[in-house]
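Working notes, structure below.
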Amino acid sequence: MIPKPYKQMHQSYPELMQAYEAFGKAAKEAGPLSEREVALVKLAVSIGSGLEGAAHSHCRKALEAGCTPAELRHVAVVSAPTIGFPTMMRARSWVEDVLTKYEA
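Heads up: the sequence shown begins at 1 in UniProt numbering, then just goes up one per residue.
In structure tokens form, the structure reads like this:
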């Protein structure tokens with residue numbers, strides 16, 4: 001599911017969005033990480049940055065890349081020593097937002 005604001009950016013700034021997506025693709029292909037590993041890293045970065053929308057998006061992408069719900073939950077839990085327990089609990093709720101729909 002592509003969020004409406006993202007689609008609107010494509011309509012308003014197609015060349016910019018093509019360049020943005022090409023940059024992301026090039027970054028992903030620049031190293032040895034697998035699709036699954038990249039997805040988990042991006043989820044972790046989203047959580048650590050406190051970006052709810054990005055965390056939701058990267059949860060969905062991680063599931064598409066073959067990650068399991070248990071792995072996504074583990075990414076949230078393992079963040080606790082770095083970002084703090086309350087912040088991890090908030091991030092864990094973002095993961096659960098996506099998994100509730102996925103597992104339904």
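Glycine residues also receive a C-beta, built at the ideal position from the N, C-alpha and C atoms.
The structure presented is a predicted model; accordingly, all values stated were derived computationally and were not measured.
- [ ] Indicate whether ALA62 and LEU33 have their beta-carbon atoms separated by less than 7 Å.
- [x] no
Task: ALA104 (DSSP reduced to helix, strand or coil) - done: Residue state, collapsed to three classes: coil.
Task: PRO14, enclosing alpha helix (DSSP H) - first and last residue - done: 14-29
TODO: Could you name the residues of the same chain whose beta carbon sits closer than 7 Å to that of VAL38, not counting the 5 residues immediately before and after it, in chain order?
DONE: LYS28
Open item on the list: Since ARG36 and CYS67 should fall inside the 8 Å C-beta cutoff, what is the C-beta to C-beta distance between them, to a whole number of angstroms?
Closed with: Sure, about 6 Å apart at Cβ, within 8 Å.
TODO: Could you spell out the range, first to last residue, of the alpha helix (DSSP H) harbouring GLY66?
DONE: Here GLY66 belongs to no alpha helix (DSSP H), and DSSP marks it neither H nor E.
- [ ] State the DSSP-derived secondary structure class of GLY50, mapped to helix, strand or coil.
- [x] coil
TODO: Determine contact between the stretch 46-55 and the stretch 20-27, defined as no fewer than three beta-carbon pairs at a distance below 8 Å.
DONE: no
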